[in-house]
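**Q** Provided herewith is a single structure, encoded as structure tokens, for subsequent inquiry.
In my numbering, the protein residues as written are 6 to 583.
So, in structure tokens, the structure goes:
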């Protein structure tokens, strides 16, 4: 089993005794004993080749996360049964991973309404938000929304889109707070939560933890979204709510906040006073941990029922982890390794791409790869805190013809984790195609690495893959920065730089004043154009882009803008059509 790395070691001293009451921080480790263990949020995600895999959360007797430290890993015991028969552990390598080893997306929503401002809680909320941001690792991303800030007609806005750059997130937050002018207005907490949910991709990633953290008094006087609708959307997108209650909270509103957290597998917290706010954010940090992934390679040849019994410090979990395994769905050569890429992140004119191994075919002690672009990138090993698998190997060094090589101790069959990070100069909005080639020529016993598509393997088993950042489109309408655009305009685009541009579906996003746009206007468009069904506002600046989808991959386009005409052309179209 792989050593479990704790999410945030520095915060392990904090354990809050009861999330629905005023919490106190206990710094005595002897008083922080786990006396009961429950398993929640079980997600089955069996993958090729023959890998049985579950993600789940561990909670203690107070329903807080159980963060297992590296030294405590020896106290974890598992028993795996296939159709009630225990597996042969010498044949099936078992791997256990903590939150540091897999991806996490967090949307943080800040309440900048007048009630929070008047109570003096804003600064404590901002400090708590920075506590969460500072826990990020390379595999974690955060986005920040706020509601009720600086425009009577626009009560919420995006401060920071998803990023794994802690400095960028904190700078964006500081810039907003220091420059915003505050107006009293409607409290649109639920509409802001809805906007935050829209940041999460429609394409589900069962190996990623998705969380939305928000502070609220449960009072909302003008949203169109309802808590019931938000729970439904969050459940469909596998998003967990972590709600912090603060202020004058009515009993019925507290029940709503508690239910939203419970129904999505998250947590509810009550900050009874201003001094409790930062303390509860600290508890959120702890509770965002406690997520684990366990997998093993099965030798079964027929479908079976799997059951995993879990215990920690001789305390048995309340339920087993169970699922049904369809062998045909995960059948693939075990000696073929799987490579994938995390979502690109951006900071200070650089693009960062994390390359990971989803399956190690066994006895791998070398990677040789080529990044075939004109400007040579910076390549570094994945950080161990961010789930790095080969962080103790030699640093990737450039060889001949732009190939890089890194070597180290042999990896175990079925293991997974980050390999290296690619950093490339980049301008936001730029369309970029990055050819990446893996040299499999030195592996024996038919071992190789690829991305799951055999057509990308050549006759010598080199794996060639084009990593696309942005969607390169041309013949755009409306043109970039166009003015006087019809309020019932037709949007057009064309895919280029793809060897096969067929089979794509497109989602069109369009928002006034807001970049990136968050309003989904039309989805699953199977053409290269879309006609609006209702008119846009006249004399308004709009931002729009598309997301192209194919084979469970998303390609996000650049963002374009235009300004509509000062005349509402809907009326004139009616006259002409009459």
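Glycine included, each C-beta is placed from N, C-alpha and C at the ideal position.
If we require 3 or more residues per run, which beta strand (DSSP E) segments fall completely within the region 295 to 325?
**A** Here the runs fully enclosed are 296 to 302 and 309 to 317.
**Q** Check whether the region 168 to 178 touches the region 211 to 231, counting contact only when three or more Cβ pairs, one atom from each stretch, lie closer than 8 Å.
**A** The region 168 to 178 is not in contact with the region 211 to 231.
**Q** Buried or exposed for residue 289, going by 16 or more other Cβ atoms inside 10 Å?
**A** Burial call: buried.
**Q** Give me whichever residues DSSP pairs with residue 423 in a beta bridge.
**A** In the DSSP output, where bridge partners are listed per residue, residue 423 has 361 and 393.
**Q** What three-state label does DSSP hand residue 195 in the structure shown?
**A** Of the three classes helix, strand and coil, the one that applies to residue 195 here is helix, per DSSP.
**Q** Taking the alpha carbon of residue 482 as the point to measure from, which residue in 82, 464 and 566 has its own alpha carbon closest?
**A** It is 566 whose Cα lies nearest to the Cα of residue 482.
**Q** On the criterion of 16 or more Cβ atoms from any shown chain inside 10 Å, does residue 33 qualify as buried, or is it exposed?
**A** Its pLDDT being 34, under 50, residue 33 is placed unreliably by the model, and nothing is read from it.
**Q** Just checking my contact of residue 301 with residue 98 at CB under 8 Å: how many whole Å lie between their CB atoms?
**A** Yes, residue 301 and residue 98 are in contact; Cβ-Cβ is about 6 Å, under 8 Å.
**Q** Kindly indicate the opening and closing residues of the beta strand (DSSP E) around residue 566.
**A** Residues 565 to 569.
**Q** Have a look at residue 598 and residue 246 and give me their C-alpha separation to the nearest angstrom.
**A** Shown here, the chain extends from 6 to 583; a query on residue 598 therefore has no answer.
**Q** With H, G and I counted as helix, E and B as strand and the rest as coil, what does DSSP make of residue 120?
**A** Three-state DSSP puts residue 120 in a helix.
**Q** Quick check: the region 332 to 347 against the region 403 to 412, are at least 3 beta-carbon pairs closer than 8 Å?
**A** Touching, no, given that fewer than three Cβ pairs across the two stretches are closer than 8 Å.
**Q** With burial defined as no fewer than 16 other Cβ atoms inside 10 Å of the residue's Cβ, what is the status of residue 145: buried or exposed?
**A** Flag for residue 145 reads buried.
**Q** Where do the N-terminal and C-terminal ends of the alpha helix (DSSP H) with residue 500 fall, by residue?
**A** Run containing residue 500: none; DSSP gives neither H nor E here.
**Q** Would the beta-carbon of residue 471 fall within 8 Å of that of residue 440?
**A** Their beta carbons are under 8 Å apart, which means residue 471 touches residue 440 by this criterion.
**Q** Is residue 500 buried or exposed, if buried means 16 or more other CB atoms sit within 10 Å of its CB?
**A** Its Cβ being crowded by 16 or more others within 10 Å, residue 500 is buried.
**Q** Are the beta-carbon atoms belonging to residue 370 and residue 414 less than 8 Å from one another?
**A** A contact, by the Cβ cut-off of 8 Å.
**Q** So who's on the other strand from residue 165, going by DSSP bridges?
**A** Answer is 149, bridged to residue 165.
**Q** Rounding to the nearest angstrom, what Cα-Cα distance links residue 572 and residue 147 in this structure?
**A** Roughly 40 Å between the two C-alpha positions.
**Q** Based on DSSP bridge pairs, tell me the residues matched to residue 69.
**A** DSSP lists no partner for residue 69.
**Q** Going by the CB atoms, is the gap between residue 235 and residue 285 shorter than 8 Å?
**A** In this structure, residue 235 does not lie closer than 8 Å to residue 285 by Cβ.
**Q** State yes or no: is the C-beta of residue 263 within less than 8 Å of the C-beta of residue 273?
**A** Closer than 8 Å, so yes.
**Q** Measuring alpha carbon to alpha carbon, tell me which of 65, 61 and 488 ends up nearest residue 5.
**A** Lying outside 6 to 583, the shown extent of the chain, residue 5 is not represented and no answer is given.
**Q** On the criterion of 16 or more Cβ atoms from any shown chain inside 10 Å, does residue 403 qualify as buried, or is it exposed?
**A** Exposed is the call here.
**Q** Out of 398, 211 and 497, which has the shortest C-alpha to C-alpha gap to residue 49?
**A** The candidate whose alpha carbon is nearest that of residue 49 is 211.
**Q** Once you ignore the five residues that flank residue 529 on each side, which residues in its own chain have a CB closer than 6 Å to its CB?
**A** Contacts found: 510.
**Q** How far does the alpha helix (DSSP H) with residue 264 in it reach, from first residue to last?
**A** It spans 256 to 269 - the alpha helix (DSSP H) in which residue 264 sits, taken as one unbroken run.
**Q** Which same chain residues end up closer than 6 Å to residue 416 when comparing Cβ atoms and leaving out the 5 residues on each side of it in sequence?
**A** Only 365 and 369 meet the Cβ criterion.
**Q** From residue 564 to residue 488, what does the alpha carbon distance come to, in whole angstroms?
**A** Whole-angstrom Cα-Cα distance: 16 Å.
**Q** Measure the Cβ-Cβ separation of residue 297 and residue 61 and say whether it is below 8 Å.
**A** Going by C-beta atoms, residue 297 is nearer than 8 Å to residue 61.
**Q** Which residues in the same chain as residue 363 place their Cβ atom closer than 6 Å to its Cβ, once the five residues preceding and following it in sequence are excluded?
**A** Within the same chain, residue 363 has close Cβ partners 343, 345 and 421.
**Q** What first and last residue would you give for the beta strand (DSSP E) that runs through residue 45?
**A** 43 to 49 is the span of the beta strand (DSSP E), which, as asked, contains residue 45.
**Q** With DSSP run on the structure shown, which of helix, strand or coil describes residue 452?
**A** Coil, per DSSP.
**Q** What first and last residue would you give for the beta strand (DSSP E) that runs through residue 487?
**A** Run containing residue 487: 487 to 490, per the beta strand (DSSP E) assignment.
**Q** Among 109, 539, 473 and 523, which one has its Cα closest to the Cα of residue 584?
**A** With the chain represented from 6 up to 583, any question about residue 584 goes unanswered, as that position is not in the structure.
**Q** Using the Cα positions of residue 556 and residue 203, report the straight-line distance between them to the nearest angstrom.
**A** Going from the Cα of residue 556 to the Cα of residue 203 covers about 21 Å.
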